[in-house]
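Structure, as structure tokens:
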Amino acid sequence: MDNFFETKKINNEDTSLHTQFNNLKDNYEAIFVEAAESIRKEINQFKPEYPCKDCKIKDCNIEKKDVFTMYPANCEYRNWQLKILTYLSGDYRQKLKLIYKKIMDKKSEYSCSKCAACCKLAVSEYSYAQLKQRAMKGDKFSSDFVSVFVPYESEEEARKANPEYFKLLNELVEDEKIYYYYCPKLKDNLCSEYEKRPDICKEFPHNPLKLLPSSCSYNAWKNEIAHEAMLLKAKVDIIDFYKEKLQ
Ligand code: SF4
Ligand code: SF4
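Heads up: the sequence shown begins at 8 in this note's numbering, then just goes up one per residue.
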């Protein structure tokens, strides 16, 4: 499989987060087109051939017959749209789930180099109070998160923890507010409660598209599966779009 981060020529020394991020952005358009084309092929397998020939619907003057056209009930093209909806929500979604599982399983071929960057700077779209509320409502991720992480006193403190990562995270979210956290259980760069650490620590990184600190050894995993992960993300976005349009 192509290494996604190498589809545009990258100088071997230039593996900075900025380069990776820019490369990712540059490639997303091509990947989106690839995903759209692949879905188009999938849904065309249900497309009826010459259905208008025997159609009993009167006064139909639809000229452009594509997948997003509005068709009357009982029109074969409408039946096609309904089949697409069933397929995308059922079998096709299952296929995507399997791809996601394969991507995440691949992570086990890599291991944590214990750089501690993820313990020193974690981000969330939620404030500490919001995370606690979510935890009280039963959200497991939030519950794990607040069991170890506490908020930085200021953005400056967070920036000092990892200036490169901090800067890029800020650029990524642009105008959205994000909150910065650290884990006080980290002592001398080691987890003082390693055996008791929660699942969010054991399973980090949780998302193949998450931006990782440059010192994280899972960047190698991310690079290996980047093309597949981006393609998957594009497919998920596209099928959501189809579902909205074809309901
Ligand atoms: S509990 Fe341990 S592994 Fe988890 S964030 Fe804290 S120091 Fe890191
Ligand atoms: S940032 Fe990556 S390599 Fe470093 S401690 Fe966390 S999971 Fe391990």
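Positions of the beta carbon are idealized from the N, C-alpha and C atoms, including for glycine.
Report the start-end ranges of each beta strand (DSSP E) in the stretch 182–227 that is 3 residues or longer and not cut off at the edges.
Fully enclosed beta strand (DSSP E) runs of 3 or longer: 186–189.
Determine, using beta carbons only, whether Ile185 and Val130 come nearer to each other than 7 angstroms.
Contact flag set, yes.
Going by DSSP in three states, Ala42 sits in which element: helix, strand or coil?
In the structure shown, Ala42 sits in a helix (DSSP, three-state: H, G or I).
Who's in the neighbourhood of ligand 1, going by beta-carbon under 5 angstroms from any heavy atom, listed in chain order?
Matched residues: Cys126, Val155, Cys190, Lys192, Leu193, Cys198, Arg204 and Cys208.
Please report whether the beta-carbon of Ile38 lies at a distance below 7 angstroms from any beta-carbon of chain D.
Any reference to chain D falls outside this structure, which holds one protein chain only.
Please find out if some non-hydrogen atom of ligand 2 comes closer than 6 angstroms to the beta-carbon of Ala124.
Because some heavy atom of ligand 2 lies under 6 angstroms away, the Cβ of Ala124 counts as near it: yes.
For Ile246, tell me which candidate among Cys67, Ala42 and Asn34 has the shortest Cα-Cα distance.
Nearest C-alpha to Ile246: Ala42.
Do you know offhand how far Ser120's Cα is from Ser222's?
Ser120 and Ser222: Cα-Cα distance of roughly 9 angstroms.
Could you please give the first and the last residue of the uninterrupted alpha helix (DSSP H) stretch that includes Ala136?
Note, Ala136: alpha helix (DSSP H), Tyr135 to Met143.
Starting from the Cα of Glu116, find the closest Cα among Lys229, Lys250 and Leu197 and give me that residue.
Closest option to Glu116, Cα to Cα, is Lys229.
I'd like the list of long-range same chain contacts for Ala87, defined as Cβ closer than 6 angstroms, with 5 residues on each side in sequence excluded.
The residue asked about is misnamed: residue 87 is Trp in this sequence, not Ala. Contacts found: Phe53, Lys54 and Pro55.
If we count the other Cβ atoms within 10 Å of its Cβ and call it buried at 16 or more, is Asn18 buried or exposed?
Its pLDDT being 37, under 50, Asn18 is placed unreliably by the model, and the measurement read from it follows with that caveat. It counts as exposed.
Just grab the DSSP bridge partners of Ala165 for me.
Ala165 pairs with nothing; no bridge assigned.
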